[in-house]
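Colleague: Numbering of the sequence shown is given in full-length UniProt numbering, commencing with residue 1 and proceeding in unit increments.
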Amino acid sequence: MTDNKLSTQFQIQSLLVQERYYRDTMQWEKLRQCWHPDPKQTYLKISWFKGDIDGFVSGSQAMVKGTKAFHTITPVEIHVVGEKAFSESVGSIQIRLCLDGKEYDCVSNCRFISRLQKTDDGWKLLSLVVIYDRDSLVPTMPCVSSLDFTLDFQKARESYKYLSWVISQKGFQVDQTLPGTDNLDSVTELMNESHAWLSKSDT
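Structure (structure tokens):
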């Protein structure tokens with residue numbers, strides 16, 4: 001790998017990690033600067049939001065008042081063609097909540113699929129779509145008994161059913177048609193679209 005390719009990989013990896021960090025630490029201006037300056041060119045599709053980056057920032061500011069999420073992200077593959085790139089990362093979404101005086105952690109294991117473009121100000125994010133793998137809802141103390149109430153998961157997706165329930169308790173609507181490993185066709189479709197976008201000429 002050439003020095004130029006290594007530099008590009010490092011720049012994109014750093015951007016991906018910083019973007020999630022700024023979101024979790026409520027550094028909204030820095031979060032926005034990670035994305036393309038034109039919001040019309042941006043798109044996010046996650047559990048509780050679908051739209052452009054400006055809408056996501058506004059929604060996140062409102063969300064942290066009631067539900068604080070912590071993200072981990074590890075970029076695994078970065079595909080670059082000219083001034084376009086898309087990345088595949090693994091990570092998690094973690095939310096702590098209190099139910100009947102007991103603390104629980106909801107952890108969603110997922111993949112983050114992002115498109116990026118090189119601008120005059122460096123690499124910027126264009127999109128973020130999450131592939132949901134599996135999740136859990138467990139007490140923070142092993143001695144605490146299991147949840148003593150009935151949760152209705154009959155209509156919930158297996159790949160993010162607990163995350164859906166936790167977010168819905170805060171008044172957010174959760175999309176049940178997101179890419180997930182319980183629907184492999186949805187994952188294949190997203191990856192095919194990403195590769196097609198990368199190989200398509202902008203001219």
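Cβ atoms here follow ideal geometry from the backbone N, Cα and C, with glycine treated the same way.
Cutting at 6 angstroms between CB atoms, please list the residues of its own chain near K45, excluding the five before and the five after it.
Modeller: Correct list, in chain order: V129.
Colleague: Quick check: the region 58 to 68 against the region 174 to 194, are at least 3 beta-carbon pairs closer than 8 angstroms?
Modeller: The region 174 to 194, when compared against the region 58 to 68, does not touch it at the 8 angstroms Cβ threshold.
Colleague: What three-state label does DSSP hand residue 209 in the structure shown?
Modeller: For residue 209 there is no data in the structure shown, the boundaries of the chain being 1 and 203.
Colleague: Grouping DSSP H, G and I as helix and E and B as strand, with all else coil, what is Y162?
Modeller: Y162 falls in the helix class under three-state DSSP.
Colleague: Looking at the unbroken beta strand (DSSP E) that takes in residue 208, where does it start and where does it end?
Modeller: Any answer about residue 208 is impossible in this case: the structure gives the chain only from 1 up to 203.
Colleague: Leaving out five residues before and five after P39 in sequence, what residues of the same chain have Cβ atoms less than 7 angstroms from its Cβ?
Modeller: Hits under 7 angstroms: D52, I53, D54.
Colleague: So W123 is in the beta strand (DSSP E); what residue range does that whole segment cover?
Modeller: 122 to 139 is the span of the beta strand (DSSP E), which, as asked, contains W123.
Colleague: Does the Cβ of T42 lie closer than 7 angstroms to at least one heavy atom of the ligand COA?
Modeller: This structure does not include the ligand COA; it has no bound ligands of any sort.
Colleague: Suppose the cutoff is 6 angstroms on Cβ atoms and the five residues either side in sequence are ignored; what does the same chain contact list for S168 look like?
Modeller: Contacts found: V174.
Colleague: Taking one C-beta from the region 95 to 102 and one from the region 111 to 126 each time, how about it: are there three or more such pairs within less than 8 angstroms?
Modeller: They do not touch, by the three-pair rule.
Colleague: At the level of alpha carbons, what is the spacing between A62 and T42?
Modeller: Each residue's alpha carbon lies about 20 angstroms from the other.
Colleague: Could you pull the DSSP bridge partners for P39 from this structure?
Modeller: Its beta-bridge partners do not exist; DSSP assigns none.
Colleague: Let me check one thing: in DSSP terms, what residues is K118 bridge-paired to?
Modeller: K118 is bridged to W123.
Colleague: Determine, using beta carbons only, whether D133 and Y162 come nearer to each other than 8 angstroms.
Modeller: Not in contact: D133 and Y162 (Cβ atoms no closer than 8 angstroms).
Colleague: Go ahead and pull the three-state DSSP assignment for F56.
Modeller: DSSP places F56 in helix when its eight states are reduced to three.
Colleague: Can you tell me which of the three DSSP states T74 falls into?
Modeller: Strand.
Colleague: Give the DSSP-derived three-state secondary structure of K5 in the structure shown.
Modeller: Three-state result, K5: helix.
Colleague: If you draw a straight line from the alpha carbon of R20 to that of H36, how long is it in whole angstroms?
Modeller: Roughly 15 angstroms separates the two Cα atoms.
Colleague: Is V187 helix, strand or coil by DSSP?
Modeller: In the structure shown, V187 sits in a helix (DSSP, three-state: H, G or I).
Colleague: For the alpha helix (DSSP H) containing R32, list its first residue and its last residue.
Modeller: Counting along the chain, the alpha helix (DSSP H) containing R32 begins and ends at 28 to 33.
Colleague: Do you know offhand how far D185's Cα is from T177's?
Modeller: So the alpha carbons of these two residues sit roughly 12 angstroms apart.
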